[in-house]
Amino acid sequence: MKGTGGLKVRMIIIGGCVILLFIIIVFIESFDHNVNEDPVPADVIIMLGGDDQGRLKKAAELYHEGYADYVMISPLMSEFYSQSREFANALGIPDTAIIAETEATSTYTNAVLTLEMMEKLGLESALVVTSDFHMKRSRLSFERVNQDRFELTYVAALSENGEKWHERSYARLLWSKEFYKIWGYRLGLYKVLDLPDD
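Numbering (my numbering), first residue to last: -16 to 181.
Shown next, in the form of structure tokens:
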């Protein structure tokens, strides 16, 4: 009986250590938002709405550098200047180069609807642009929806002031919100819960 009791204690200790190690790894990984690839020529630039003006500024920069002839804004919303046609025009993107996706309400629906539009328009490759803190979840969503149908490259944008996510005054808030959202997405909860982006 003593041997059995000692074995149970050891198993509990080992189990506790494994759980603690998992928690530590998850915590450390949550600060890693270094998901960014070098841009390559593509058929379209997909700009995911939300955050500040940094995302569309990055998309415009890529457009003017000749990486793509079109910019798809998802969703295009006139009530939010940072993802509006007016701001895109102000950045030098003409109406003829703008593809409007107007229905997305979350990162997951961004992926579903923009890739559907790519298929309908016969586009084969895209540069996906979003904020650096949002890119890890965006890539997860797009890769799950994409299933290797399109060539996607992920280009992270800094804030409108050129700050990385951890340099912002509200970095802790960004981290905490992205932490629970990405785990919701990893568990597939986007299929039953629409998690809107700010």
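For each residue, glycine too, the CB sits at the ideal point set by N, CA and C. The structure displayed is predicted, hence computed values, not measured ones.
Exposure of residue i, with buried meaning 16 or more beta-carbon neighbours within 10 Å
i, result
"D78", "exposed"
"F63", "exposed"
"W148", "buried"
"F5", "exposed"
"D21", "exposed"
"E48", "exposed"
Same chain, Cβ closer than 6 Å to residue i, neighbours up to 5 away in sequence not counted
i, result
"P24", "Y50"
"V27", "A51, Y53, M55, L106, A109"
Chain-order list of residues whose beta-carbon lies under 7 Å from that of residue i (same chain, five-residue window excluded)
i, result
"L96", "S57, E84, E86, A87"
"G37", "S114, A140, L141, S142, E143"
"D35", "S65, S142, E143"
Among the options, nearest to residue i - alpha-carbon criterion
i, options, result
"V18", "R122, R127, E150, I(-4)", "R122"
"L141", "K41, T90, G(-11)", "K41"
"V128", "D34, M100, F5, A94", "A94"
"V138", "L156, R(-7), L39, L(-10)", "L39"
"F70", "E20, L156, E143", "E143"
"T90", "V1, G(-11), L172", "L172"
"M30", "I81, I165, E126, L106", "I81"
"M55", "E20, D35, I7, S108", "S108"
"R132", "E161, M100, S114", "M100"
"G32", "T136, S67, E126", "S67"
"R120", "W166, R(-7), G(-12)", "W166"
"V111", "I(-3), G(-2), A43, I(-4)", "A43"
Alpha-carbon spacing of residue i relative to residue j, whole angstroms
i, j, result
"R151", "M60", "25 Å"
"W158", "F116", "8 Å"
"E134", "K103", "16 Å"
"A154", "K(-9)", "43 Å"
"G75", "Y163", "36 Å"
"E146", "L170", "30 Å"
"T113", "I8", "25 Å"
"L156", "L45", "29 Å"
"C0", "M(-6)", "10 Å"
"I(-3)", "G(-12)", "14 Å"
"K160", "D15", "14 Å"
is_contact[residue i, chain B] using C-beta, thresh 8 Å
i, result
"L106", "In summary, chain B is missing from the structure at hand, where a single protein chain is found."
Own chain residues within Cβ distance below 8 Å of residue i, not counting five before or after
i, result
"L98", "F125, V128, N129, R132, F133"
"Y168", "T90, Y91, R120, L123, S124, L178"
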